[in-house]
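Engineer:
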Ligand code: 9MR
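Numbering (my numbering), first residue to last: 172 to 545.
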């Protein structure tokens, strides 16, 4: 009798412990995401494509970690209005509806950019260049239509993107005069820098509550930083409604940017605006950097040493950003996993790998409080 009850007891204890471990169920995952560990600092966002907001596993990653979303390509001018009056809302609406359903605010990207733009805005039906007044009317219609459609969910817009030139801005052997600080885009050639002011004014008319950003890459580079600063200052002095500066942040694990330049840029921009967003963060493992579309997809071998360098660079960068939390209000990763990256998966620039498996660098960024105590 005694022997039987011992056996029964052992079986019951075994069953109880299996039950406690959640037998038959997947292990309980830690629900803490970036949005939680950074809640006292800034919102953390991600740029998405349509797959990211349709695939249940990726949706779970997004909901757990992010409290801001940017459409990577689907709200660009050419995506929304490739020909005059021909509106293509499908993908942008899906992303906006995903945000609405999940209560995640949307960063609008972008209303006026030299790339992925709508060249029809510059010409009439015979192919002749239109006056700047006609261009402004078309741009205004575009901006008003888009901003109005999404104003319930979009909290800020990258109104003008990448209007300043790269480089050190000095004269060369071939060009004695220092080059114009402005990119020689079609917009600039037709309108001068007035197009920048107009784009901001149109966006502000359409939604006076949205925060309006000028957004650029290499914005920590001292020469380009000064150009951006001068342009934004000129606009603000003239009463143009610019509320924020977006530093894109297509960086590398080596030396771009130098952290002292990154910090100096944050300090300088914060003389002008109360809002800095790091709008397009990725950290590639080769020596290139910036938002230019010419880049190599080769990457390098992902050794342990390289992984550690990337972890250190991300950790250093987030430490600086936390220090400037008064002005840095959002940090957005440019894509979810390496598979999605515009740089190709071989640059390994993000925090999930090409199969959406979490990398160690994810924890380095997320668990900064714990890591500090070690
Ligand atoms: O990530 C975007 C990529 O899928 C597009 O092909 C590319 C085309 O212009 O634009 C990429 O995103 C850019 C962003 O909109 C503005 N800053 C630079 C980004 C990388 O080129």
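Virtual Cβ for every residue (Gly too), placed ideally from N, Cα, C.
Between the C-alpha atoms of residue 185 and residue 504, what's the straight-line distance to the nearest angstrom?
Structural biologist: The pLDDT assigned to residue 185 is 49, lower than 50, so where the model puts this residue is not dependable, and the model offers no usable value.
Engineer: With which residues is residue 452 paired in a DSSP beta bridge?
Structural biologist: In the DSSP output, where bridge partners are listed per residue, residue 452 has 504.
Engineer: Could you check what DSSP says for residue 385 in three-state terms: helix, strand or coil?
Structural biologist: Strand.
Engineer: Please say whether residue 310 and residue 373 have beta carbons closer to each other than 8 Å?
Structural biologist: Yes, these two residues count as a Cβ contact at 8 Å.
Engineer: Residues bridged to residue 277 by DSSP?
Structural biologist: In the DSSP output, where bridge partners are listed per residue, residue 277 has 240 and 325.
Engineer: Quick one: residues in its chain with C-beta nearer than 8 Å to the C-beta of residue 532, no 5 flanking neighbours on either side, listed in chain order?
Structural biologist: Excluding residues within five positions, the ones whose Cβ falls inside 8 Å are 478, 481, 482, 485 and 522.
Engineer: Pick out the complete beta strand (DSSP E) segments inside the segment 413-489, 3 residues or longer, and give them in chain order.
Structural biologist: List check, beta strand (DSSP E) in window: 415-418, 421-423 and 446-455.
Engineer: CB residue 408 to CB residue 223, shorter than 8 Å?
Structural biologist: No, Cβ-Cβ distance for residue 408 and residue 223 is not below 8 Å.
Engineer: Please determine whether the Cβ atom of residue 465 lies at a distance below 7 Å from any heavy atom of ligand 1.
Structural biologist: No, Cβ of residue 465 sits at least 7 Å from all heavy atoms of ligand 1.
Engineer: What do you reckon, is the C-beta of residue 280 under 7 Å from a heavy atom of ligand 1?
Structural biologist: Residue 280 Cβ: within cutoff of ligand 1.
Engineer: Return the CA-CA distance between residue 247 and residue 334, expressed in angstroms with no decimal places.
Structural biologist: Going from the Cα of residue 247 to the Cα of residue 334 covers about 15 Å.
Engineer: Would you identify the three-state DSSP class for residue 513, choosing helix, strand or coil?
Structural biologist: Residue 513 falls in the coil class under three-state DSSP.
Engineer: State the DSSP-derived secondary structure class of residue 224, mapped to helix, strand or coil.
Structural biologist: Note: residue 224 maps to helix in three-state DSSP.
Engineer: Does any heavy atom of ligand 1 sit closer than 7 Å to the C-beta of residue 388?
Structural biologist: Flag set: Cβ of residue 388 near ligand 1.
Engineer: Helix, strand or coil for residue 255, going by three-state DSSP, please let me know.
Structural biologist: Note: residue 255 maps to coil in three-state DSSP.
Engineer: Here's the rule: buried if 16 or more other CB atoms are within 10 angstroms of the residue's CB, otherwise exposed. What is residue 190?
Structural biologist: Residue confidence for residue 190 is low, a pLDDT of 48 falling below 50, so the modelled location carries little weight; the figure read from the coordinates is stated next. Exposed, because fewer than 16 other Cβ atoms sit within 10 Å of the Cβ of residue 190.
Engineer: First and last residue of the beta strand (DSSP E) that includes residue 218?
Structural biologist: Element bounds for residue 218: 214-219.
Engineer: Counting only the same chain and skipping the five closest in sequence on each side, list residues whose C-beta sits under 6 Å from that of residue 536.
Structural biologist: Cβ within range, chain order: 485 and 489.
Engineer: Between the segment 361-375 and the segment 321-336, do at least 3 Cβ pairs fall closer than 8 Å?
Structural biologist: These segments touch.
Engineer: Below 7 Å CB to CB, which residues in the same chain sit around residue 353 once its five sequence neighbours on both sides are set aside?
Structural biologist: For residue 353, where only same-chain residues beyond five positions count, the Cβ hits under 7 Å are 334, 335, 336, 359 and 364.
Engineer: Between residue 538 and residue 289, what straight-line distance do the alpha-carbon atoms span, to the nearest angstrom?
Structural biologist: Taking the straight line from one Cα to the other gives about 43 Å.
Engineer: For residue 348, which three-state DSSP category applies?
Structural biologist: Looking at residue 348 - three-state DSSP - the assignment turns out to be coil, as it is neither helix nor strand.
Engineer: With distance defined between alpha-carbon atoms, name the residue in 412, 543 and 382 nearest to residue 501.
Structural biologist: Selected option, being the one with the closest Cα: 382.
Engineer: Any idea what DSSP makes of residue 492, helix, strand or coil?
Structural biologist: Helix, per DSSP.
Engineer: Any idea if residue 458 is buried or exposed, counting beta-carbon neighbours within 10 angstroms, 16 or more meaning buried?
Structural biologist: Exposed, by the Cβ-count rule.
Engineer: Measuring only the C-alpha atoms, how far is residue 513 from residue 415?
Structural biologist: Computed Cα separation, rounded: 25 Å.
Engineer: Exposed or buried, residue 239, counting other C-beta atoms within 10 Å across all chains shown (16 or more means buried)?
Structural biologist: Buried is the call here.
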